[in-house]
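Beneath this line is the structure, given in structure tokens, with notes to follow.
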Amino acid sequence: MPNIKSAIKRTRIIAKKTAANKMQKSKIRTLLKKTSSAVASSAENAEALVRQSQTALDKAAAKGLMHKNNVARQKSHLAKVLKSSAQ
41 MPNIKSAIKR
51 TRIIAKKTAA
61 NKMQKSKIRT
71 LLKKTSSAVA
81 SSAENAEALV
91 RQSQTALDKA
101 AAKGLMHKNN
111 VARQKSHLAK
121 VLKSSAQ
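In the working numbering, the protein residues as written are 41 to 127.
Shown next as structure tokens:
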């Protein structure tokens with residue numbers, strides 16, 4: 041436990057930010073799972089879900105929530121799976 045006042049404040053701030061980041065990552069993971077199941081079952085809203093997932097991933101990369109290469113890999117995978125399911 042920190043003794044210095046500013047360190048105590050930083051600990052509180054970090055706890056809030058960690059909780060917010062965890063919530064955002066959880067939302068993205070849920071959206072990706074929903075998208076994967078929609079593409080696998082070749083639902084008609086699969087393309088819209090893929091687009092929505094890609095947007096969410098881009099926003100996460102822009103905010104520094106996820107690494108840009110990780111986001112690029114996931115977006116590429118989504119596009120590949122969608123294309124293969126369309127054929």
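Beta carbons: idealized from backbone N, C-alpha and C, even for Gly.
Could you check whether residue j and residue i sit closer than 8 angstroms to each other, using their CB atoms as the reference points?
| i | j | result |
| --- | --- | --- |
| glutamine 64 | leucine 122 | no |
| serine 93 | threonine 75 | yes |
| serine 116 | valine 79 | no |
| valine 111 | leucine 89 | no |
Where do the N-terminal and C-terminal ends of the alpha helix (DSSP H) with residue i fall, by residue?
| i | result |
| --- | --- |
| methionine 63 | 45 to 80 |
| leucine 97 | 86 to 102 |
| leucine 29 | Residue 29 is absent from the model: the chain starts at 41 and stops at 127. |
Which value, in whole angstroms, describes the spacing of the CA atoms of residue i and residue j?
| i | j | result |
| --- | --- | --- |
| proline 42 | alanine 83 | 52 angstroms |
| alanine 55 | lysine 45 | 16 angstroms |
| asparagine 109 | isoleucine 68 | 16 angstroms |
| lysine 57 | threonine 51 | 10 angstroms |
Please report whether the beta-carbon of residue i lies at a distance below 8 angstroms from any beta-carbon of chain D.
| i | result |
| --- | --- |
| asparagine 43 | The structure shown contains no chain D; it is built from a single protein chain. |
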